[in-house]
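Scroll down for the structure; my scribbles are underneath it.
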Amino acid sequence: MNKAGFCEDRLRNIDRLLKGWVERGELPCVQAMVTRHGELAYSAAYGASNMESGTPLRDDAIFRIYSMSKVFTSVSMMILHEQGLYKMHDPVAKFIPEYGKVRVGTLTPQGDIVLVEPKRPLEIRDLFTMTSGIPYPGGNTISGAALKELYAQMEADEKAGKPWDTQRVVREYARAPLCFHPGEHWRYGFSIDVLGALVEVMSGMKLGEFMKKHIFEPLGLNDTGFYVDPAKAERLVTMYEVDDADKFTPIPNYAECFVPPAFEGGGGGLYSTAADVTRFARMLLGGGAVDGVRVLSRKSVELMSTNHLNEAQLQDYNWETQRGYGYGLAVRVMMHPELAGYGSVGEFAWDGMAGTWFSVDPREDMVSVFMVQTNPGRHYRFVPLYAQAVYGAIVD
Numbered sequence: 001m002n003k004a005g006f007c008e009d010r011l012r013n014i015d016r017l018l019k020g021w022v023e024r025g026e027l028p029c030v031q032a033m034v035t036r037h038g039e040l041a042y043s044a045a046y047g048a049s050n051m052e053s054g055t056p057l058r059d060d061a062i063f064r065i066y067s068m069s070k071v072f073t074s075v076s077m078m079i080l081h082e083q084g085l086y087k088m089h090d091p092v093a094k095f096i097p098e099y100g101k102v103r104v105g106t107l108t109p110q111g112d113i114v115l116v117e118p119k120r121p122l123e124i125r126d127l128f129t130m131t132s133g134i135p136y137p138g139g140n141t142i143s144g145a146a147l148k149e150l151y152a153q154m155e156a157d158e159k160a161g162k163p164w165d166t167q168r169v170v171r172e173y174a175r176a177p178l179c180f181h182p183g184e185h186w187r188y189g190f191s192i193d194v195l196g197a198l199v200e201v202m203s204g205m206k207l208g209e210f211m212k213k214h215i216f217e218p219l220g221l222n223d224t225g226f227y228v229d230p231a232k233a234e235r236l237v238t239m240y241e242v243d244d245a246d247k248f249t250p251i252p253n254y255a256e257c258f259v260p261p262a263f264e265g266g267g268g269g270l271y272s273t274a275a276d277v278t279r280f281a282r283m284l285l286g287g288g289a290v291d292g293v294r295v296l297s298r299k300s301v302e303l304m305s306t307n308h309l310n311e312a313q314l315q316d317y318n319w320e321t322q323r324g325y326g327y328g329l330a331v332r333v334m335m336h337p338e339l340a341g342y343g344s345v346g347e348f349a350w351d352g353m354a355g356t357w358f359s360v361d362p363r364e365d366m367v368s369v370f371m372v373q374t375n376p377g378r379h380y381r382f383v384p385l386y387a388q389a390v391y392g393a394i395v396d
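Given below as structure tokens:
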């Protein structure tokens, strides 16, 4: 047994899984890191950051973490919550007036679109918990269709050299109707990007600047941000589209990766490394502090990592990869490990579109990180097996 309470022989099960996925061509590359009781228990990287060149995956490889960004934005908002700048039940319109005009999109029996007043104002807590009725663009809702049109206009303006900044994106999106009355359902969507805009309004800083001052610099997260320093370009992992036959098609690392974006998407715009994510997660594990550096209070982390969904909302939160989980403030929260097949009550965190995933388990005093870079990320295929191997190696 090592200092972290793991059996070294059992940890080799993680090696076998990760190495096997790469050798069988199921993943171009994969990196994992586990800490427990403040000790690094496991760290490995397999495969190539670029399959075409055969460049080995580095320990300090930079990944697009997509929706894992949501947890950083949630922490940013909780910092402002501790400063007394808002209440959870405050209307969003108090800070972004455009959301005072938002309507709910409904269909008549004849199929006509009707916009109605929401039963209550959209509140900040609705954004944190994805109960706002703001979906992502696309999908099968009136709201998603409207957002898709706005997104197309945003892309067209960007190509014309007139990119929308974070405030404009969020205020333009307020023109789209909600897909349900605030608080009535749970639906994954653009809510945390709106929180990112609220950070800017309340702090008077760009979202990236706020995160740098209050999270990145205090914690020493030198490789996390909304773009990649050009000097670190060789460390950026290539993104691959993947089909059902495990055929990988590279997506170029566009020049936009290396310049500050106009729109700093709090819901999915960050780049980071396994080491940086691990340290951020250890801060959450430590009740808001790690190695003497405090970012949040213990009570704020407790509020984040508590299930906030009622029974009706939990019925909507039914993804295959989220069995056993409730939802807190932009994080999944384990309620029933017996349904998931692994984990502990109270384990929390989130994942990203390209297969990145992390876990904070207070009961086991453990952080786990899993990094891949494919679209789709196929969490359902890899994450449960990885998590099972991690928990299966604990012997103390």
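Quick note: the sequence shown, position 214, residue 214 per full-length UniProt numbering, numbers continuous. Cβ atoms here follow ideal geometry from the backbone N, Cα and C, with glycine treated the same way. Here the structure is a predicted model, which is why all the values come from computation and not from measurement.
(request) Spell out the partners DSSP gives glutamine 31 in its beta bridges. (result) Ala45, Met371
(message) When you compare the region 67-80 with the region 202-213, are there three or more beta-carbon pairs, one atom per stretch, that lie closer than 8 Å?
(response) yes
(message) Here's the rule I'm using: 16 or more other beta-carbon atoms within 10 Å means buried, otherwise exposed. How should isoleucine 113 be labelled?
(response) exposed
(request) Compute the distance between the beta-carbons of arginine 103 and leucine 85, then report whether it is under 9 Å. (result) no
(request) Starting from threonine 249, follow the beta strand (DSSP E) in both directions and report where the run begins and ends. (result) Counting along the chain, the beta strand (DSSP E) containing threonine 249 begins and ends at 248-251.
(request) Look at the Cβ atom of arginine 235, then the Cβ atom of valine 242, and state whether they are nearer than 9 Å. (result) no
(message) Could you give the first and the last residue of the continuous beta strand (DSSP E) run that contains aspartate 361?
(response) 357-361
(message) DSSP has residue 406 in a bridge; who is on the other side?
(response) As displayed, the chain neither begins before 1 nor continues past 396, which places residue 406 out of reach and without an answer.
(message) Quick check on the burial criterion: 16 or more other C-beta atoms within 10 angstroms. Buried or exposed for valine 259?
(response) The residue in question, valine 259, is exposed, as its Cβ has fewer than 16 Cβ neighbours within 10 Å.
(request) For aspartate 157, I'd like the list of residues in its chain whose CB is within less than 7 Å of its CB, leaving aside the five on either flank, ordered along the chain. (result) Pro163, Trp164
(message) Starting from tyrosine 5, trace the alpha helix (DSSP H) in both directions and tell me its first and last residue.
(response) The sequence given here places glycine at residue 5; tyrosine does not occur at that position. Note, glycine 5: premise wrong, no alpha helix (DSSP H); not H, not E.
(request) Would you list the one or two residues that DSSP bridges to threonine 55? (result) When DSSP reads this structure, threonine 55 sits in a beta bridge with Asn50.
(request) To the nearest angstrom, report how far apart histidine 37 and tyrosine 99 are at their CA atoms. (result) 44 Å
(message) I need the boundaries of the alpha helix (DSSP H) containing valine 242, first residue and last residue.
(response) Premise fails: valine 242 lies in the beta strand (DSSP E), 239-242, not in any alpha helix (DSSP H).
(message) Can you look up glutamate 26 in the DSSP assignment and give me helix, strand or coil?
(response) coil
(message) Using 8 Å for Cβ pairs, my map puts leucine 195 next to phenylalanine 280. What's the rounded Cβ distance?
(response) About 17 Å separates the two Cβ atoms, so there is no contact after all.
(message) Taking the straight line between their C-alpha atoms, what separation do you get for glutamate 52 and asparagine 253?
(response) 13 Å
(message) Just list the residues that DSSP pairs arginine 332 with in beta bridges.
(response) Tyr327, Ala349
(message) With the cut-off set at 9 Å, would you say glycine 355 and glycine 377 are in Cβ contact?
(response) yes
(message) Cutting at 7 Å between CB atoms, please list the residues of its own chain near serine 203, excluding the five before and the five after it.
(response) Leu80, Phe210
(request) Might you give, ordered along the chain, the residues of its own chain that have their beta carbon closer than 7 Å to the beta carbon of glutamate 8, omitting 5 neighbours on each side? (result) Asn2
(request) Please determine, among Val71, Arg125, Glu347, the residue with the shortest C-alpha to C-alpha distance to alanine 93. (result) Arg125
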